[in-house]
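Residue numbers (mature numbering (1 follows the signal peptide of the UniProt record, and there is no 0)): -22 to -1, 1 to 234. All C-beta atoms, glycine included, are put in the ideal place defined by N, C-alpha and C. As structure tokens, the structure follows; a few thoughts come after it.
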């Protein structure tokens, strides 16, 4: 969750001053759509060997730009800075697996529906017997800093929350024994396990999580154009195809 981070950005974003945003005409005149994502959230966004960004979010962003008739410029940014950057007009769009929260809704605009459907999941090392947070006995649980995963643990009063800059660091911490578990999305952890990370899901999904694409407020033409582009991607199967390619399943429809 991405990708679908709160703690730092809520202060920065909600206090940011009013700025002029680029709406659709400005984007088309510029010839590029500036799309931000964390770049450290595989399989949604991560660095490719050539230095570009790859993953589900990256290709969704490229396809949206293509359907708007412009090129995509993908920008990597630490997750807590994404909303403040949207507010400041540094980015046109965030395809960054962002969960909808009241704080974020006050700061930026969300599209009308999620672009995929997921859930919070506890993962533990493959040799662990733990099946729940309680079963970890207060040992460190790793999450990416400023995420809804961190907020979930702090709201639950979990006593030992270990924060990291992104999932790549968390996988290393889990493998090295610096954390007894991690919370991320079901999709992120499941794909990591299939790709060789020695971890497994512990217990049921903790909470549903349905990420959205976001943009700065007061950009009605750009928002409408992105909504239409995404709708056409659903209708012609492109969104499903990208989901299966990167995530191993179609997560673009609600789970039953």
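DSSP places residue 48 in no alpha helix (DSSP H); its state is neither H nor E.
Following the DSSP letters along the chain, one finds residue 12 inside the beta strand (DSSP E) bounded by residues 10 to 15. Across the structure, residue 69 and residue 12 are spaced so that their CA atoms are roughly 5 angstroms apart.
Here the region 122 to 138 does not lie against the region 149 to 156, with fewer than 3 beta-carbon pairs under 8 angstroms apart. Counting the other Cβ atoms within 10 Å of the Cβ of residue 215 gives fewer than 16, which makes it exposed. Residue 90 and residue 36 have their C-alpha atoms roughly 20 angstroms apart. The C-beta distance from residue 58 to residue 188 rounds to 21 angstroms, too long to meet the 8 angstroms contact threshold. Residue 23 sits buried, since 16 or more C-beta atoms from the chains shown fall within 10 Å of its C-beta. Listed in chain order, the beta strand (DSSP E) elements of length 3 or more contained wholly in the region 71 to 151 are 71 to 76, 96 to 103, 119 to 122 and 139 to 142.
Between the C-alpha atoms of residue 1 and residue 8 there is a straight-line separation of about 11 angstroms. Burial check for residue 49: the Cβ neighbour count within 10 Å stays below 16, so the residue is exposed.
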